[in-house]
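**Q** Numbering (our numbering), first residue to last: 6 to 398. All C-beta atoms in this analysis are idealised placements derived from N, C-alpha and C, irrespective of residue type, glycine included. No experiment lies behind these values; they were computed from the predicted model shown.
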Amino acid sequence: MTHRLARAVALLSIGAVLQGSALAHDSGVVNGVFRSRDGGATWLQVNPESFARGALALALHPSDPHHLLLATDSGLLGSRNGGRDWDAEASGLLNGPAFAVAFDADGQQALASGANALYRLEGTRWREARVPAGAAPARLLVPGGVAGRVYLAGWAGLHRSDDWARSWKRVGQEIGAEPVGALVVSPIRVDEIHALAAGRLWSSSDGARRWRSDDRAPANVQALAFDGAQPTQLWLVAAGRAYRRDDRAAAWLPVGAPIPDAQARPRGISVERDAMLVVTDRGVFRSPDAGASWALLSAELPDHGEAATVVRDAHTPGTVYAAFSRMGPEQLKGLSSAPETAMARSDIALLVGAYAGFALLLLGVGVLVRRITRAGSAATTAQRSAEMRTETP
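1. State buried or exposed for A349, treating a residue as buried only when at least 16 other CB atoms are found within 10 Å of its CB.
2. Can you tell me the Cα-Cα spacing of A117 and P67, whole angstroms?
3. With which residues is G128 paired in a DSSP beta bridge?
4. Considering only the beta carbon of each residue, do W257 and R246 sit closer than 8 Å?
5. Contact between the segment 178-194 and the segment 128-139 is defined here as three or more beta-carbon pairs at a separation below 8 Å; is this criterion met?
6. Can you tell which of A255, N36, R171 and G87 has its C-alpha closest to the C-alpha of E127?
7. Do G83 and G101 have their beta-carbon atoms positioned less than 8 Å apart in this structure?
8. Drop a sphere of 10 angstroms on the beta-carbon of N36, count the other beta-carbons inside from all chains shown, and report buried for 16 or more, exposed for fewer.
9. With the cut-off set at 8 Å, would you say A115 and A64 are in Cβ contact?
10. Mind checking A158: buried by the 16 CB within 10 Å criterion, or exposed?
11. Using DSSP with H/G/I as helix, E/B as strand and the rest coil, what is Q400?
12. Express the C-alpha separation of Q178 and E210 in angstroms, rounding to a whole number.
13. What separation, rounded to the nearest whole angstrom, lies between the Cα atoms of S351 and R331?
14. What's the C-alpha gap between D252 and A269?
15. Using the three-state DSSP reduction, which class does I264 fall into: helix, strand or coil?
16. In terms of residues, what are the limits of the beta strand (DSSP E) holding V151?
17. Going by C-alpha distance, which of A328, F329 and T324 is nearest L43?
18. In terms of residue numbering, what span does the beta strand (DSSP E) encompassing I198 cover?
19. Cβ of V284 within 8 Å of Cβ of V315?
20. By Cβ distance, which residues of its chain are closer than 7 Å to G204, with the 5 residues on each side in sequence left out?
21. Can you give the Cα-Cα distance for E94 and E277, rounded to whole angstroms?
22. With DSSP collapsed to three states, give me the class of E311.
23. Figure out for me which residue from A76, A105, A107 and F104 has the closest Cα to the Cα of D92.
24. What do you get for S79, buried or exposed, if any count of 16 or more other CB atoms within 10 angstroms of its CB means buried?
25. For H164, does the count of other Cβ atoms within 10 angstroms reach 16, so buried, or fall short, so exposed?
26. Excluding five sequence neighbours on each side, which residues of the same chain lie with their C-beta closer than 6 Å to the C-beta of R154?
27. First and last residue of the beta strand (DSSP E) that includes D232?
28. Using the Cα positions of R272 and R130, report the straight-line distance between them to the nearest angstrom.
29. If you count every other CB in all the chains shown that lies within 10 Å of the CB of A182, and 16 or more means buried, which is it?
30. Give the range of the beta strand (DSSP E) segment to which W1 is assigned.
31. Can you give me the C-alpha to C-alpha distance between D111 and I198, rounded to a whole angstrom?
32. Pull up the distance between the alpha-carbon of N86 and that of H72, whole angstroms please.
33. Would L99 and L74 be called neighbours here (beta carbons separated by less than 8 Å)?
34. Shortest alpha-carbon distance to W216 belongs to which of I180, F231, A244 and L229?
35. Which whole-angstrom value describes the C-beta separation of E401 and D286, a residue pair presumed to lie in contact below a C-beta threshold of 8 Å?
36. What does the Cβ neighbour count give for P265, buried or exposed, with the cut at 16 atoms within 10 Å?
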């Protein structure tokens with residue numbers, strides 16, 4: 006009886022630890038990619054089988070909605086079935102984190118940024134591509150609306166290529182040394198481009214050759230996007246509030262109310278008619294009524310999680326993807342100093358701590374089992390001695 010009790014205690018203790026480990030693993034799965042088919046009202050995680058601490062950028066094929074490329078902190082992943090299954094891309098070539106990814110406008114090629122180089126997909130094969138001096142890792146890779154054209158925003162400087170990274174030209178000297186944090190190309194005017202740098206909005210009408218600061222825009226601009234249903238409308242978020250401009254010559258108009266968390270830092274915005282999504286470092290906020298009311302999407306999306314990006318699927322109205330990461334943009338550059346490291350020091354420390362705690366618990370269980378066993382043996386010996394004394398005439 007005593008031995009059975011000891012074994013039961015040990016098994017229950019080990020089971021509790023294993024269950025806690027499983028729960029901890031499940032909680033880590035929230036870092037990844039989620040998809041909504043109804044403008045952000047409901048969400049489904051599309052990479053439950055893969056482990057990635059950070060989904061940093063996502064690209065959708067321009068003609069195949071099932072073909073996705075995902076840049077993560079541990080490499081480049083690709084899916085051919087809308088995110089149900091993911092496979093490693095550029096294996097043996099791109100080692101370590103991937104920072105940015107993009108498909109060409111015609112879908113024939115793709116680009117991905119590693120820590121120190123660019124990689125180009127030609128057909129089914131990835132090859133190393135030219136990267137402008139000092140531009141790696143790329144913060145952004147944005148297709149330019151016509152085949153072969155792509156824009157690269159580095160940590161300092163903006164570049165344009167018209168032959169899909171075979172050659173580059175430096176543009177955006179007017180913007181200065183401030184890194185470009187967002188870049189959007191008009192879906193109906195391929196030479197119309199808008200960029201954010203240090204909270205200011207910059208615009209170009211000649212394919213990024215010349216830029217001018219938009220002094221009519223509000224201060225502290227944080228995110229930028231074109232309306233998915235009305236491509237002449239440009240939206241931005243400044244100080245947590247959405248603004249809209251209906252034409253290039255029109256004024257910026259505040260829309261609705263600010264998002265309810267004043268401490269949240271917007272990373273991106275997606276708008277399709279009245280449905281608005283603002284991704285922040287503290288989760289995703291949604292408005293179904295053009296900003297009149299907001300809600301933090303905490304039921305199916307990570308609550309107070311670092312949302313890295315939001316990408317609208319141009320093939321299907323209402324379909325949008327949100328990617329989450331444990332790291333903010335400020336930490337990305339730090340990863341480039343250790344491109345071969347697929348696991349962050351913090352994760353290693355967590356694993357070491359977990360194993361150490363598990364070992365201590367096992368040690369404690371062992372001590373408890375030995376004490377119970379010794380106590381049981383002593384009790385048994387004492388009982389036998391008493392029986393022997395009773396039986397002795």
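**A** Taking the structure as given:
1. Any reading at A349 needs caution, since the residue's pLDDT is 41, under 50, leaving its predicted position unreliable; the model's value is listed next. By the neighbour-count definition (other C-beta atoms within 10 Å, threshold 16), A349 is a buried residue.
2. About 16 Å.
3. DSSP, once it has assigned bridges, lists no residue as partnering G128.
4. Not closer than 8 Å, so no.
5. With a cut-off of 8 Å, the segment 128-139 and the segment 178-194 do not count as touching, because too few Cβ pairs lie within range.
6. Per the Cα distances, R171.
7. Result no, Cβ atoms of G101 and G83 do not sit closer than 8 Å.
8. Buried: at least 16 other Cβ atoms inside 10 Å.
9. Yes, the Cβ-Cβ distance between A115 and A64 is below 8 Å.
10. That one is buried.
11. Nothing can be reported for residue 400: it is not among the residues displayed for the chain, which extend from 6 to 398.
12. The sequence given here has Ser at residue 210, not Glu. Rounded to whole angstroms, the separation of the alpha carbons of Q178 and S210 is 15 Å.
13. At S351 the pLDDT is 42, less than 50, meaning the model places this residue with poor confidence; the figure from the coordinates comes in the next sentence. The alpha-carbon atoms of S351 and R331 are separated by roughly 11 Å.
14. So the two alpha carbons sit approximately 29 Å from each other.
15. Residue state, collapsed to three classes: coil.
16. Looking at the DSSP string, V151 is not in any beta strand (DSSP E), and its letter there is neither H nor E.
17. Reading off the sequence, residue 43 comes out as Asp, not Leu. Closest in C-alpha terms to D43, from the list A328, F329 and T324, comes T324.
18. Where I198 is concerned, the enclosing beta strand (DSSP E) stretches over I198 to A202.
19. Going by C-beta atoms, V284 is nearer than 8 Å to V315.
20. Short of 7 Å from the beta carbon of G204, and not among the five residues preceding or following it, lie these beta carbons of its own chain, in chain order: A224, N225 and V226.
21. Cα to Cα, E94 sits roughly 31 Å from E277.
22. Here E311 sits in coil by DSSP.
23. Nearest C-alpha to D92: A76.
24. Taking all protein chains shown into account, S79 has 16 or more neighbouring C-beta atoms within 10 Å of its C-beta and is therefore buried.
25. Answer is buried; the Cβ neighbour count reaches 16.
26. For R154, same chain residues with a beta-carbon under 6 Å away, outside a window of 5 residues either side, are D167 in chain order.
27. Per DSSP, D232 belongs to no beta strand (DSSP E) and is neither H nor E.
28. Between the alpha carbons of R272 and R130 lies a gap of roughly 32 Å.
29. Note on A182: under 16 other CB atoms within 10 angstroms of its CB, so exposed under the neighbour-count rule.
30. What is shown of the chain runs 6 to 398, which leaves residue 1 out entirely.
31. The straight-line gap separating the alpha-carbon atoms of D111 and I198 is approximately 19 Å.
32. Taking the Cα positions, N86 is about 6 Å away from H72.
33. Using a Cβ distance threshold of 8 Å, L99 and L74 do not count as a contacting pair.
34. Nearest to W216 by C-alpha distance, out of I180, F231, A244 and L229, is I180.
35. Residue 401 is absent from the model: the chain starts at 6 and stops at 398.
36. Exposed: under 16 other Cβ atoms inside 10 Å.
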